[in-house]
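Let me begin by presenting the structure, written as structure tokens, before commenting on it.
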Ligand code: F6R
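Residue numbers (the working numbering): 1 to 611.
Quick look at the structure:
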């Protein structure tokens, strides 16, 4: 999705902006641009393509110590030079970058055109530049406020103006923006990654908040210009962990590969200091709930999108099994549209890698607006969802760059297991079962490493699967969300049609599609359903459907003809994550075999910050 970076201080802005944009490249974009205020006013350079292309074509005279930059993900109008941000007013004195969507852009464009303004791009953003230019307020803050008053929709915006060269004015409504504090220099970004090399002292703007940024500081205020007095905080993050994610410093074929292989250490990090062997429980200080409040929970509702939703389903099973609390997961993107009933004794759990997914954020806001309690399982520290929640569990997966989420999802599962354990132990889960789970969790990182070590064999199986135009991924109960996540990964990077089904539902319809051309990947945990699962596999092979079975080495498949993928066994409640890992590698190697750009899958972006 789109990215914003801004700089004001004693250095030349353009190189810093371009470097920041490079660090936002992983979000997905199709064009990039920068604007600086120099001696002769606002200068803009922008074009379709990579940040590298923009850097190569930057005009030689592009000096200025104040500037804004942007990577664009096309929403209004195609990816071309004109539609790239920054956008300017007719006189070229105002420049604006914008993330989000302006809902009433069409009406505003018409109104501006009726007033004689010539719009040059197809974008919604351009109207902001013209509206700022049209305001007669005395200050830039007043002019931005006037422009925003006309706008419906979501935005993170940054504005510079040749008549106010000592400042950048920014505003947030539904699209993340942070202000970074340096030494006599200040930054703006939509994502910490863009500025983390320069500062980790930041202020996160809230929705409806604006800020003025000068070289020496910042002030925050609401749209009615009353001050909000926000202070910067220093985040507990390691800037080097972002450096390690830069393309020139990794030794893998892609970010996804790097991140899959980081999973053993990532899992260790999310567990660190959170397991209590003696009492067979977990300690999650960030939940902000005492034992009495924890016991009062009658239901758990998990909200997430895409893969986070599927891991949420795994989490719901864990909570039901270990804590015996009714739990389910729902797609956050649908939740608020059905005017949900929010119950006071339900614990709502938002799960998100980025912490910025707008659908999940809006679901959290819906719960809170109706008085519900929400905790977050979030990877990005200080992100919008993390800040909006009443408490939570940080996932400590480290920066995740690849669009296809892997290590963050594994840590989400572990986070749910910790939550389920803690909830279970203040209720009826026995100390013996608690200790059993603690020991199982301690084993996970090593077992994850064992599965990753099978990469070569998995690559070969993936090559065969990649040939099929269409595949099924099946599983039941604990195995079903695993199948859903497996199908999701496969389709998003290999572009093959991969459909997840409950194994038990095959006979109610989809068996009609099973044929030698349609392989099935079946997830078969070693649990109480093993015999039924094996029975269903016969139904597939009887129709000459090629079969890959992801299971455990001690599972007897009888005379089922299948390619086996064996993963180690853990406690049955924790097995789903082990069964998920080979599916990541299958998707990855199928996509490689087909020659796709794995880190930049078509039509997908890393953080989905628009509805
Ligand atoms: C799939 C994938 C997406 C995300 C989803 C939620 O590999 O990455 O389906 O899981 O967009 O993103 P977050 O977790 O950032 O809220």
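Just so it is clear, CB atoms sit at the ideal spot from N, CA and C, and this is done for glycine as well. In this text the structure is predicted, and so the values were computed from the model without any measurement.
Contacting residues, own chain, Cβ-Cβ under 8 Å from residue i (five flanking each side not counted)
i: residue 185; result: 7, 8, 9, 10, 11, 198 and 215
i: residue 452; result: 260, 261, 263, 264, 581 and 585
Proximity to residue i [Cα-Cα], best of the options
i: residue 619; options: 306, 206, 578 and 300; result: As shown, the chain starts at 1 and ends at 611. That puts residue 619 outside it, with no answer to give.
i: residue 267; options: 414, 202 and 370; result: 414
i: residue 354; options: 567, 574 and 175; result: 175
i: residue 48; options: 550, 57 and 42; result: 57
i: residue 164; options: 501, 66, 283 and 372; result: 66
i: residue 578; options: 589, 588 and 566; result: 566
i: residue 73; options: 171, 108, 384 and 33; result: 33
i: residue 542; options: 344, 561 and 364; result: 561
i: residue 417; options: 589, 226, 556 and 574; result: 574
i: residue 319; options: 334, 305 and 297; result: 297
i: residue 24; options: 63, 196, 503 and 179; result: 196
i: residue 544; options: 557, 527, 107 and 513; result: 513
i: residue 189; options: 251, 21, 288 and 460; result: 21
Alpha carbon of residue i to alpha carbon of residue j, nearest angstrom
i: residue 621; j: residue 150; result: Past the boundaries of the shown model lies residue 621; the chain is included only from 1 to 611, so the question cannot be answered.
i: residue 113; j: residue 119; result: 7 Å
i: residue 553; j: residue 213; result: 60 Å
i: residue 443; j: residue 569; result: 10 Å
i: residue 515; j: residue 312; result: 32 Å
i: residue 310; j: residue 409; result: 9 Å
i: residue 407; j: residue 428; result: 31 Å
i: residue 571; j: residue 440; result: 6 Å
i: residue 367; j: residue 393; result: 18 Å
i: residue 563; j: residue 240; result: 42 Å
i: residue 89; j: residue 110; result: 15 Å
i: residue 181; j: residue 530; result: 57 Å
i: residue 364; j: residue 352; result: 11 Å
i: residue 235; j: residue 4; result: 20 Å
i: residue 388; j: residue 371; result: 13 Å
i: residue 343; j: residue 336; result: 14 Å
i: residue 132; j: residue 146; result: 7 Å
i: residue 496; j: residue 468; result: 8 Å
i: residue 534; j: residue 556; result: 9 Å
i: residue 432; j: residue 381; result: 34 Å
i: residue 108; j: residue 135; result: 14 Å
Own chain residues within Cβ distance below 6 Å of residue i, not counting five before or after
i: residue 123; result: 76, 77 and 83
i: residue 523; result: 475, 479, 482, 483, 550 and 579
i: residue 81; result: 47 and 48
i: residue 590; result: 462, 465, 466 and 494
i: residue 315; result: 302 and 416
i: residue 201; result: 181, 232 and 234
i: residue 504; result: 476
C-beta contact flag for residue i and residue j at 8 Å
i: residue 30; j: residue 79; result: yes
i: residue 404; j: residue 489; result: yes
i: residue 130; j: residue 117; result: yes
i: residue 470; j: residue 518; result: yes
i: residue 69; j: residue 18; result: yes
i: residue 326; j: residue 193; result: no
i: residue 44; j: residue 14; result: no
i: residue 588; j: residue 256; result: yes
i: residue 347; j: residue 375; result: yes
i: residue 223; j: residue 148; result: yes
i: residue 357; j: residue 305; result: yes
i: residue 486; j: residue 438; result: no
i: residue 302; j: residue 331; result: no
i: residue 280; j: residue 446; result: no
i: residue 160; j: residue 42; result: yes
i: residue 423; j: residue 291; result: no
i: residue 100; j: residue 28; result: no
i: residue 210; j: residue 144; result: yes
i: residue 115; j: residue 152; result: no
i: residue 362; j: residue 412; result: no
i: residue 274; j: residue 282; result: yes
i: residue 179; j: residue 203; result: yes
Cutoff 7 Å; reference residue i; Cβ partners in own chain excluding five residues on either side
i: residue 506; result: 474, 536 and 539
i: residue 373; result: 347, 348 and 390
i: residue 420; result: 318, 319, 322 and 323
i: residue 384; result: 176, 355, 356 and 361
Residue i Cβ short of 7 Å to the ligand SAM heavy atom set
i: residue 304; result: As far as ligands go, the structure on display features the ligand F6R and does not contain the ligand SAM.
Going along the chain, which unbroken runs of the beta strand (DSSP E) with 3 or more residues stay wholly within the stretch 414 to 488?
-> 470 to 475
Fully enclosed by the stretch 499 to 549, which alpha helix (DSSP H) runs are 4 residues long or longer?
-> 530 to 542
What runs of the alpha helix (DSSP H), each 4 residues or longer, lie entirely inside the stretch 345 to 412?
-> 358 to 369 and 384 to 388
Entirely within the stretch 97 to 173 and at least 3 residues each: give me those beta strand (DSSP E) ranges in chain order.
-> 155 to 161 and 168 to 173
Enumerated in chain order, which unbroken segments of the alpha helix (DSSP H) with a length of 4 residues or greater are wholly contained in the stretch 33 to 81?
-> 51 to 56
Where are the alpha helix (DSSP H) runs, 4 residues long or more, that stay fully inside the stretch 283 to 313, in chain order?
-> 291 to 295
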